[in-house]
Amino acid sequence: MNVVVVGAGVAGLSCARELGAAGVRVQVVERGRVVGGRLASKRYGHRYADIGAAYFVADDPDFRAVAEGWRARGLARPWTDTFQVFPGEPARGTERWAAGKGLRSLAEDLASGLDVRLETTLSAIPADADAVVLAMPGPQALRLDPPGAVAEAARAQRWEPVIAAVLTYPERVWGELHGAFVNDHPVLATVCNDGDRRGDGAPVLVAHSTAELARRHLDDPAQAGPLLAAAAGELLGIKEEPEVATHRWTFAQPAAGETRPFVTDGRVWLAGDAFGKPRVQTAWLSGRAVAQAILAAQSTAG
Ligand SMILES: Cc1cc2nc3c(=O)[nH]c(=O)nc-3n(C[C@H](O)[C@H](O)[C@H](O)COP(=O)(O)OP(=O)(O)OC[C@H]3O[C@@H](n4cnc5c(N)ncnc54)[C@H](O)[C@@H]3O)c2cc1C
581 MNVVVVGAGV
591 AGLSCARELG
601 AAGVRVQVVE
611 RGRVVGGRLA
621 SKRYGHRYAD
631 IGAAYFVADD
641 PDFRAVAEGW
651 RARGLARPWT
661 DTFQVFPGEP
671 ARGTERWAAG
681 KGLRSLAEDL
691 ASGLDVRLET
701 TLSAIPADAD
711 AVVLAMPGPQ
721 ALRLDPPGAV
731 AEAARAQRWE
741 PVIAAVLTYP
751 ERVWGELHGA
761 FVNDHPVLAT
771 VCNDGDRRGD
781 GAPVLVAHST
791 AELARRHLDD
801 PAQAGPLLAA
811 AAGELLGIKE
821 EPEVATHRWT
831 FAQPAAGETR
841 PFVTDGRVWL
851 AGDAFGKPRV
861 QTAWLSGRAV
871 AQAILAAQST
881 AG
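Residue numbers for the sequence shown follow my numbering, so the first one is 581 and each next one is one higher.
Pasting the structure below:
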């Protein structure tokens, strides 16, 4: 049996790992220059900042075991259970994990030993594979013209954009801050202290926009940068001007709605974080569920 997994985000990589461990021949195809998808760390100068997922939560026992494995090897650690809330009381109690080398390093770890072909954009479903897993947002999957049931589920997904702004200050000019959720703000949705998250203490904040702001600036995300910098500065009482770099996520966050872990027509599968709460953990579980279903179908057929 040979399987092609399209997309080397968390969902695709967890799927490919599970299949590979069972001895299935699996190739991962990824359009980007690196693995990770929205588990993304990008280099600015000589330092990486996390510009996609801000952290991950590991409250599923199996994903928790993966996280503990990363912790044992020094790749990830519980970061904080306290986020500020503007306006409001701090949110406490959820254990949020981060990675010293940036969250994308965890995708690199999942990809190790797999056959991953980078910088390859598929525009059609490979005809010669026994199974094809589209591990990506539904709107991206639709570009490969998937069959009926898969296309229908992909079309039903609703996605919101986000613009991330990496704000680099001359020095740390804010007090105690891990991260903050910002409610009912026209521009800003979250701000994270990237130096705290990564553990190097660098004076870098990463701000994520509201969907509303991102929609307005999708064609020119750089224009959103100063707005995000000003909003973060005002919120945290910072007067200094940061250097600003922006990144656009057109399909950042799906509206939760799906209760299934994936959809399939029998040969083509759709996985990702739209199948549950839009989180890294959901993507991992969705990809693994597809692999387990492919393996179960194979053993029934055999
Ligand atoms: C701004 C932002 C903040 C977030 N914050 C959090 C958070 O704090 N905590 C949390 O748990 N989650 C967070 N998330 C969500 C988290 O990042 C995702 O749930 C998870 O990374 C999704 O993984 P995935 O594999 O489903 O999809 P993706 O990571 O999107 O992977 C899909 C991959 O498919 C590739 N691809 C697409 N089309 C093709 C094609 N035609 N050919 C080849 N390759 C293709 C893409 O390049 C991509 O690498 C956030 C996301 C964003 C964008």
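Even glycine gets a Cβ: it sits at the ideal position worked out from N, Cα and C.
For ALA854, I'd like the list of residues in its chain whose CB is within less than 7 Å of its CB, leaving aside the five on either flank, ordered along the chain. PRO717, GLY718, GLN737, PRO834 and GLU838
If I measure Cβ to Cβ from GLU648 and keep anything under 7 Å in the same chain, skipping five residues before and after, which residues do I get? none
Backbone CA spacing between LEU793 and ASP708 [nearest angstrom]: 43 Å
Closer than 8 Å by C-beta to LEU722: which residues in its own chain qualify, once you throw out the five before and the five after it? Chain order, please. ALA731, ALA734 and ARG735
For a minimum of 4 consecutive residues, which ranges assigned as the alpha helix (DSSP H) are wholly contained in the segment 608-668? 641-652
In the DSSP assignment, find the alpha helix (DSSP H) that holds GLY592 and state where it starts and stops. 590-601
So GLU814 is in the alpha helix (DSSP H); what residue range does that whole segment cover? 804-816
Check whether the Cβ of PHE636 lies closer than 7 Å to any heavy atom of ligand 1, and answer yes or no. yes
Helix, strand or coil for TYR874? Go by DSSP, reduced to three states. The sequence shown places Ile at residue 874, not Tyr. Correct three-state label for ILE874: helix.
Looking at the secondary structure, which residues open and close the alpha helix (DSSP H) in which ASP774 lies? 774-778
Between HIS797 and ligand 1, is there a pair consisting of the residue's CB and a ligand heavy atom that are separated by less than 7 Å? no
Mind checking whether the beta-carbon of ASP853 lies closer than 7 Å to any heavy atom of ligand 1? yes
Minimum C-alpha distance to SER685 - residue among ALA711, HIS788 and LYS622: LYS622
Could you round the C-beta distance between LEU724 and LEU702 to whole angstroms and report it? I think they count as a contact, below 8 Å. 6 Å
Look at GLY759 and ALA876 and say whether their C-beta atoms are less than 8 Å apart. no
For the putative contact between LEU694 and VAL608, defined by C-beta atoms under 8 Å, what is the C-beta separation to the nearest angstrom? 6 Å
Go to GLY728, then tell me how far its alpha helix (DSSP H) extends in each direction, as first and last residue. 728-736
Cα-Cα, which of ASP710, ALA873, LEU816 and PRO841 is closest to VAL583? ASP710
From ILE818, CYS595, ILE705 and GLY755, pick the residue whose C-alpha is nearest to that of ARG605; which is it? CYS595
Pop quiz: GLY632 and TRP829 are said to be a contact at Cβ under 8 Å. What is the actual Cβ separation, rounded to whole angstroms? 7 Å
Helix, strand or coil for GLU751 per DSSP? coil
Please state whether the Cβ-Cβ distance between LEU714 and TRP864 is less than 8 Å. no
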